[in-house]
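Each residue of the sequence shown is one higher than the last, beginning at 15 in this note's numbering.
Using N, Cα and C, we set each Cβ at its ideal position, and we do this for glycine too.
These numbers come from a predicted model, not from an experiment.
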Amino acid sequence: MDISRLTTESRNEHSSKLDTLTPEQFVDVMNNEDQKVAQFIKEENHAIAQLITQVIKGLNNGGRLIYMGAGTSGRLGVLDAAECVPTFGVTPDVVVGLIAGGPSAMTVAVEGAEDDESLGEQDLRDLNINEHDTVIGIAASGRTPYVIGGLRYAQSINVPTGCVTCNKASEVGKHADYPVQVDVGPEVLTGSTRLKAGTAQKLILNMISTGAMVGIGKVYENLMIDVKPTNKKLKQRAVNMIQEVLQTTDEDSEKLFKQSDEQVKVAIVMGMHGISKEEALERLKQAKGFVRNT
Numbered sequence: 015m016d017i018s019r020l021t022t023e024s025r026n027e028h029s030s031k032l033d034t035l036t037p038e039q040f041v042d043v044m045n046n047e048d049q050k051v052a053q054f055i056k057e058e059n060h061a062i063a064q065l066i067t068q069v070i071k072g073l074n075n076g077g078r079l080i081y082m083g084a085g086t087s088g089r090l091g092v093l094d095a096a097e098c099v100p101t102f103g104v105t106p107d108v109v110v111g112l113i114a115g116g117p118s119a120m121t122v123a124v125e126g127a128e129d130d131e132s133l134g135e136q137d138l139r140d141l142n143i144n145e146h147d148t149v150i151g152i153a154a155s156g157r158t159p160y161v162i163g164g165l166r167y168a169q170s171i172n173v174p175t176g177c178v179t180c181n182k183a184s185e186v187g188k189h190a191d192y193p194v195q196v197d198v199g200p201e202v203l204t205g206s207t208r209l210k211a212g213t214a215q216k217l218i219l220n221m222i223s224t225g226a227m228v229g230i231g232k233v234y235e236n237l238m239i240d241v242k243p244t245n246k247k248l249k250q251r252a253v254n255m256i257q258e259v260l261q262t263t264d265e266d267s268e269k270l271f272k273q274s275d276e277q278v279k280v281a282i283v284m285g286m287h288g289i290s291k292e293e294a295l296e297r298l299k300q301a302k303g304f305v306r307n308t
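Okay, structure coming up:
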């Protein structure tokens, strides 16, 4: 493929004199371009929602959300996966991020890794993917061989696939059951897809992971009730959430927090219904984790 034909490789007429701008002028140009990203994403809202629905279905059946990408795209997937553990209290194997070249590629480029289709397939084979998993390929260009190889393999064994790309009608999109393809236009710095394309990908991944976690009961109202309170800030946030939902005192919220073994969701159900930790856990089990259904 001639990459010069890709939107992400085109030159941006609004930044053609980038090297002549003052820092203030430069910031204005870049900010103006960045403001367009959310509107471009809005055009793909339906496609994003369809992909989220599939991820929820898979997670409810014991499957995983698996991101795969190279370079910036891969790093964004790994970042989103890592954040799901403390934010939603899932184990690290529930949302997985794969990057071409392995963990070392998070900080240093691994030459040639993104150009190897077989590497994408092998990384998924190593995870023993199955029909309950959802594999999402992330590729700004929409042509990354590592991602194509992975998605092609996943489809060959009937594993649902999605993608997040920044070029329409992309090659990656052809191998995705649920393609999300957002054209954000040319970059301020030609071809530097860590900029607008990376911003778009991050926003979309935020939607996918957060929407999926809402869909499996990890959120009550707009509170992250399955947060893992691993530091002082998070412990205070946890107590504040209990107090906010139950409209109780600091002292009572702290007491419930401790009685629940620092499980916000359990503490809330205990306080809502005036029941023990064991009873709250049973109610949550019956409600499949949804506080609202207890």
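| Asked | Found |
| --- | --- |
| Considering only the alpha carbon of each residue, which of Ile152, Ile218, Tyr234 lies closest to Ala61? | Ile218 |
| If you pair each beta-carbon of the stretch 224 to 240 with each one of the stretch 300 to 307, do three or more pairs fall below 8 Å? | yes |
| Roughly how many angstroms separate the alpha carbons of Lys279 and Asp240, rounded to a whole number? | 6 Å |
| Quick check on this structure: which residue in Ile162, Ala183, Gly83 has the alpha carbon closest to the alpha carbon of Arg208? | Gly83 |
| How long is the line joining the alpha carbons of Arg251 and Gly103, rounded to whole angstroms? | 14 Å |
| Assign Pro100 to one of three DSSP states: helix, strand, or coil. | helix |
| I believe Thr158 touches Glu128 by the beta-carbon criterion, under 8 Å. Please report the beta-carbon distance rounded to the nearest angstrom. | 5 Å |
| Could you pull out every residue in the same chain whose Cβ sits closer than 6 Å to the Cβ of Pro174, ignoring the five residues on either side in sequence? | Gln68, Thr148, Asp191 |
| Please report the distance separating the alpha-carbon of Ala64 from that of Glu265. | Note that residue 64 corresponds to Gln in the displayed sequence, not to Ala. Roughly 43 Å separates the two Cα atoms. |
| So Val194 and Gly176 are supposed to be a Cβ contact under 8 Å. How far apart are they, rounded? | 7 Å |
| Would you check if the distance between the CB atom of Val196 and the CB atom of Ala183 is smaller than 8 Å? | no |
| Taking 6 Å as the limit between beta carbons, can you name the residues of its chain near Lys249, skipping five residues before and five after? | Pro243 |
| Do you know how far the Cα of Ser267 is from the Cα of His28? | 54 Å |
| Taking Val186 and Ala153 to be in contact with their CB atoms under 8 Å, please state how far apart those CB atoms are, rounded to whole angstroms. | 5 Å |
| Got a sec? Which residues, its chain only, sit under 6 Å from Ala294 by beta carbon, not counting five neighbours each side? | Val280, Val283, Met284 |
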